[in-house]
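I have placed the structure first, in the form of structure tokens, so that the comments after it can refer back to it.
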Amino acid sequence: MLRTVIAFVLIAVLAACNTVQGIGKDIKKGGESIEKASK
998 MLRTVIAFVL IAVLAACNTV QGIGKDIKKG GESIEKASK
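Numbering (our numbering), first residue to last: 998 to 1036.
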């Protein structure tokens, strides 16, 4: 289950990144999503 969540987050991050600044924001949002899912 956790691997599936991580895979979807990574796909979303890679699909949404348009700039180098966007990468940082997307990784932060992905980390927050994983944190919420694990609680």
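Every residue gets a Cβ at the ideal spot worked out from N, C-alpha and C, and that includes glycine. Note that this is a predicted model, so its numbers are computed, not measured.
Beta-carbon separation of V1010 and I1031 under 8 Å?
-> no
Mapping DSSP to helix, strand and coil, what is K1022?
-> helix
Could you give the distance in angstroms between the alpha-carbon of V1002 and the alpha-carbon of G1027?
-> One C-alpha to the other measures close to 10 Å.
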